[in-house]
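Okay, so the sequence shown: first residue is 5 according to my numbering, each after it adds one.
Have a look at the structure below, then the notes.
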Amino acid sequence: KGVIRVLRTRETPNPDALQFVLNAQVLDFGNKSYSSRKDCEEDPMGQALFDLGGVQNVYVMQNFVTVTKDPGTAWVPLKNQ
5 KGVIRVLRTR
15 ETPNPDALQF
25 VLNAQVLDFG
35 NKSYSSRKDC
45 EEDPMGQALF
55 DLGGVQNVYV
65 MQNFVTVTKD
75 PGTAWVPLKN
85 Q
(Lines of atoms letter the chains of each structure in order from A; the text may use other names.)
(Lines give C-alpha, C1' and ligand atoms only; values in the text may rest on other atoms or scores of the structure.)
Protein backbone atom coordinates (compact mmCIF):
# COMPACT_ATOMS: atom_id res chain seq x y z
CA LYS A 5 0.00 0.00 0.00
CA GLY A 6 2.85 2.42 0.65
CA VAL A 7 3.21 5.20 3.15
CA ILE A 8 0.13 7.21 4.01
CA ARG A 9 0.83 10.94 4.01
CA VAL A 10 -1.17 14.05 4.76
CA LEU A 11 -1.78 16.05 1.58
CA ARG A 12 -3.45 19.02 3.24
CA THR A 13 -5.17 20.12 6.42
CA ARG A 14 -8.65 21.64 6.47
CA GLU A 15 -10.18 23.68 9.25
CA THR A 16 -13.59 22.70 10.60
CA PRO A 17 -16.25 24.79 12.36
CA ASN A 18 -14.85 23.41 15.63
CA PRO A 19 -11.51 25.14 16.46
CA ASP A 20 -10.43 21.98 18.31
CA ALA A 21 -10.91 19.75 15.24
CA LEU A 22 -8.92 19.55 12.02
CA GLN A 23 -9.44 17.39 8.97
CA PHE A 24 -6.34 15.75 7.51
CA VAL A 25 -6.73 14.79 3.84
CA LEU A 26 -4.61 11.74 2.99
CA ASN A 27 -2.86 10.55 -0.16
CA ALA A 28 -4.63 7.19 0.00
CA GLN A 29 -8.00 5.72 0.80
CA VAL A 30 -7.93 4.16 4.28
CA LEU A 31 -11.55 2.91 4.29
CA ASP A 32 -13.43 1.42 1.35
CA PHE A 33 -16.83 2.49 2.68
CA GLY A 34 -18.51 3.83 5.79
CA ASN A 35 -16.70 5.54 8.63
CA LYS A 36 -15.12 4.84 12.00
CA SER A 37 -15.18 7.02 15.08
CA TYR A 38 -13.00 6.49 18.14
CA SER A 39 -13.21 8.34 21.45
CA SER A 40 -10.36 6.46 23.15
CA ARG A 41 -7.34 4.33 22.33
CA LYS A 42 -9.25 1.27 23.52
CA ASP A 43 -11.93 1.91 20.87
CA CYS A 44 -9.40 1.50 18.07
CA GLU A 45 -7.57 -1.68 19.09
CA GLU A 46 -7.85 -2.96 15.50
CA ASP A 47 -6.71 0.31 13.90
CA PRO A 48 -2.97 1.11 14.14
CA MET A 49 -3.48 4.61 12.71
CA GLY A 50 -6.10 5.43 15.35
CA GLN A 51 -3.85 4.07 18.09
CA ALA A 52 -0.92 6.13 16.86
CA LEU A 53 -3.02 9.31 16.92
CA PHE A 54 -4.18 8.71 20.51
CA ASP A 55 -0.57 7.92 21.49
CA LEU A 56 0.36 11.51 20.58
CA GLY A 57 -1.61 12.71 23.61
CA GLY A 58 -4.22 15.44 23.80
CA VAL A 59 -6.55 13.69 21.33
CA GLN A 60 -10.25 13.41 22.25
CA ASN A 61 -11.71 11.85 19.11
CA VAL A 62 -10.63 10.37 15.78
CA TYR A 63 -13.12 10.15 12.89
CA VAL A 64 -12.03 8.23 9.79
CA MET A 65 -13.63 8.23 6.34
CA GLN A 66 -12.32 7.12 2.95
CA ASN A 67 -9.32 9.42 2.44
CA PHE A 68 -9.41 11.71 5.45
CA VAL A 69 -9.17 11.72 9.22
CA THR A 70 -10.70 14.35 11.48
CA VAL A 71 -8.92 14.72 14.81
CA THR A 72 -10.51 16.53 17.75
CA LYS A 73 -8.03 17.61 20.39
CA ASP A 74 -8.37 18.65 24.00
CA PRO A 75 -8.98 22.43 24.23
CA GLY A 76 -5.73 22.90 26.17
CA THR A 77 -3.58 21.06 23.61
CA ALA A 78 -1.77 23.04 20.91
CA TRP A 79 -2.11 21.98 17.27
CA VAL A 80 1.57 22.36 16.42
CA PRO A 81 2.80 19.07 17.95
CA LEU A 82 -0.16 17.15 16.50
CA LYS A 83 0.13 18.68 13.02
CA ASN A 84 3.85 17.91 12.86
CA GLN A 85 3.21 14.20 13.26
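Here a beta-carbon is modelled for each residue, glycine too, at the ideal position from N, C-alpha and C.
Residue i Cβ short of 7 Å to the ligand COA heavy atom set
i	result
K36	By its list of ligands, the structure shown contains no ligand whatsoever, and the ligand COA lies outside what it can speak to.
Inter-residue Cα distance where the pair is residue i and residue j
i	j	result
R9	C44	20 Å
V71	G6	22 Å
N27	G76	29 Å
A21	G50	15 Å
S37	V80	23 Å
G57	A78	11 Å
P48	P17	27 Å
V25	N67	6 Å
Assigned exposure category for residue i - 16 Cβ within 10 Å defines buried
i	result
K73	buried
V64	buried
V69	buried
V59	buried
V62	buried
Which ranges does the beta strand (DSSP E) cover as unbroken runs of at least 3 residues, wholly within the region 6-82, from first to last along the chain?
10-15, 21-26, 35-38, 59-65 and 68-73
Quick test of the definition: if touching needs 3 or more C-beta pairs under 8 Å, does the region 10-17 touch the region 31-45?
no
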